[in-house]
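Engineer:
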Amino acid sequence: MIKDAASAMAAPADILDPSGGANQVRVRAYNERLVMSLVRRHGSLSKAEIARRSGLSAQTVTVIMRALEAEGLLIRGEPLRGKVGQPSVPMRLNPEAVYSLGMKIGRRSADIVLMDFVGGIRRQVRCTFPYPMPGPLLSFVEEGLAELEASMSPQERARIAGFGVAAPFELWSWASEVGAPQAEMDQWRGVDLEAEIARRVSYPVTLQNDATSACAAELVFGRGQHYPDFLYLFIGSFIGGGVVLNSALFTGRTGTAGAIGPLPVQGRDGETVQLLKIASIYRLENLLREAGIDPMPLWYSPDGWVDFGAPLQLWIDDVAAALAQAVIASASVIDFSAVIIDGGFPDWVRARVVEATKAAVARLDLQGVTMPEIVEGAVGSHARSIGGASLPLFSRYLPDQNVLFKELG
Numbered sequence: 004m005i006k007d008a009a010s011a012m013a014a015p016a017d018i019l020d021p022s023g024g025a026n027q028v029r030v031r032a033y034n035e036r037l038v039m040s041l042v043r044r045h046g047s048l049s050k051a052e053i054a055r056r057s058g059l060s061a062q063t064v065t066v067i068m069r070a071l072e073a074e075g076l077l078i079r080g081e082p083l084r085g086k087v088g089q090p091s092v093p094m095r096l097n098p099e100a101v102y103s104l105g106m107k108i109g110r111r112s113a114d115i116v117l118m119d120f121v122g123g124i125r126r127q128v129r130c131t132f133p134y135p136m137p138g139p140l141l142s143f144v145e146e147g148l149a150e151l152e153a154s155m156s157p158q159e160r161a162r163i164a165g166f167g168v169a170a171p172f173e174l175w176s177w178a179s180e181v182g183a184p185q186a187e188m189d190q191w192r193g194v195d196l197e198a199e200i201a202r203r204v205s206y207p208v209t210l211q212n213d214a215t216s217a218c219a220a221e222l223v224f225g226r227g228q229h230y231p232d233f234l235y236l237f238i239g240s241f242i243g244g245g246v247v248l249n250s251a252l253f254t255g256r257t258g259t260a261g262a263i264g265p266l267p268v269q270g271r272d273g274e275t276v277q278l279l280k281i282a283s284i285y286r287l288e289n290l291l292r293e294a295g296i297d298p299m300p301l302w303y304s305p306d307g308w309v310d311f312g313a314p315l316q317l318w319i320d321d322v323a324a325a326l327a328q329a330v331i332a333s334a335s336v337i338d339f340s341a342v343i344i345d346g347g348f349p350d351w352v353r354a355r356v357v358e359a360t361k362a363a364v365a366r367l368d369l370q371g372v373t374m375p376e377i378v379e380g381a382v383g384s385h386a387r388s389i390g391g392a393s394l395p396l397f398s399r400y401l402p403d404q405n406v407l408f409k410e411l412g
């Protein structure tokens, strides 16, 4: 529930610290972010609707909205005339007010995207590789960023908030699963990726786990807005995930909360293995190779898959059976309202995975388990890139980079 930050009922601790004029500046900045977050969530809102949903006074909202409009962050919609009184003027975020750069580093590919203020991808560059290595990847940062900047006007470049990077933690892990030489992958152990990228770009750099970043993107731009607590699963080269509690991204003590890949599950042969060894795209890659089918189209375009027939169906069945076990295990620990499933594949594959998972769950013993709703993600295959691009926006334009808000009823 949101209360007026000026009344010191819901603001972060540093705002509550009584420190004179500087404290009032922080309160004002917090309220401005609060208003923008509400408008982002609902698409467009009038002054009266913002006051009702936030708990801020009408006068405070008027001042804030005028300031945000003057800065170009909010733009006016068409007036809505009611039966009595002055017409209501909805305000919405200006997509071109702020841009952000986001990079996704995967086990088979990397992307850099230019994202606008409302989560739209304006431009994108991509590279694929057998496995990621520091040198070529950092070269791609320089070359890809130069290509994007060359297509932008000076005014657009001036509005870039930062460069967010979504990457797996411990890139050297599970090298054998993707056919990468362990000795080469061990080069990542001594690499400070955030610092190396920061030396090559002129924007502030923020690094976060790739699955956590994708979860944040779903929370802000996708279906996560409708569920206060959910488990997020993203099926990439390896499966990963994130946890949202009370409408806030929960990263845990070490930042790995929701890293669901190591969860033990039973495979079709009855053996217990880690979830990632079944519910990951690298497993489909191996199945295609065994069937004599070139697997490289999996990585060229995550939205351009064809129906690979029997190998794809076998993979979906195995993924669903494993995810069903993971969903029940997770629901037994936390009373999630939803499990949101997404991945680096087309929408039609995601739909088949979700439906197969629901069917697999129904075949298991659910006694004593309150099942969450199992739904498709809405952000899609670019969730990690969008999540990376979102990181600079979280720190500058949300009330807090980790904690989102609940509205008044």
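Residue 263 in our numbering is what sits at position 260 of the sequence shown, and the numbering runs on without skipping anything.
All C-beta atoms, glycine included, are put in the ideal place defined by N, C-alpha and C.
Since we're looking at a predicted model, the values are computed, not measured.
1. What is the rounded straight-line gap between the Cα of residue 54 and the Cα of residue 251?
2. Where DSSP assigns a beta bridge to residue 361, which residues make up the other side?
3. Considering only C-alpha positions, which residue in the set 65, 282 and 215 is nearest to residue 259?
4. Contact between the segment 263 to 278 and the segment 292 to 307 is defined here as three or more beta-carbon pairs at a separation below 8 angstroms; is this criterion met?
5. Does residue 46 have its Cβ less than 8 angstroms from a Cβ in chain B?
6. Could you name the residues that DSSP lists as bridge partners for residue 130?
7. Taking only three categories from DSSP, how would you classify residue 366?
8. Please state the DSSP three-state secondary structure of residue 235.
9. Would you call the segment 347 to 366 and the segment 380 to 390 in contact, with 3 or more CB pairs under 8 angstroms?
10. Quick check on residue 297: buried or exposed, where buried means 16 or more other Cβ atoms within 10 Å of its Cβ?
11. Can you confirm whether the segment 171 to 190 touches the segment 386 to 395 when touching is taken to mean that 3 or more C-beta pairs between the two stretches lie within less than 8 angstroms?
12. Does DSSP put residue 221 in a helix, in a strand, or in coil?
13. Kindly list the residues whose CB is nearer than 6 angstroms to the CB of residue 39, restricted to its own chain and excluding five residues on each side of it in sequence; keep chain order.
14. To the nearest angstrom, report how far apart residue 135 and residue 167 are at their CA atoms.
15. Is residue 37 closer than 8 angstroms to residue 57 when the C-beta atoms are compared?
16. According to DSSP, what are the bridge partners of residue 379?
17. Does the segment 365 to 378 come close enough to the segment 198 to 217 to have 3 or more Cβ pairs within less than 8 angstroms?
18. Distance, Cα to Cα, residue 319 vs residue 116?
19. In whole angstroms, what separates the C-alpha of residue 109 from that of residue 161?
20. Name the DSSP bridge partner or partners of residue 169?
Structural biologist: Taking the coordinates as given:
1. 22 angstroms
2. Answer by DSSP bridge pairing: none, since residue 361 is not bridged.
3. 215
4. no
5. You won't find chain B in this structure, because it holds only one protein chain.
6. 113
7. coil
8. strand
9. yes
10. exposed
11. no
12. helix
13. 400
14. 18 angstroms
15. yes
16. 344
17. no
18. 29 angstroms
19. 29 angstroms
20. 107 and 211
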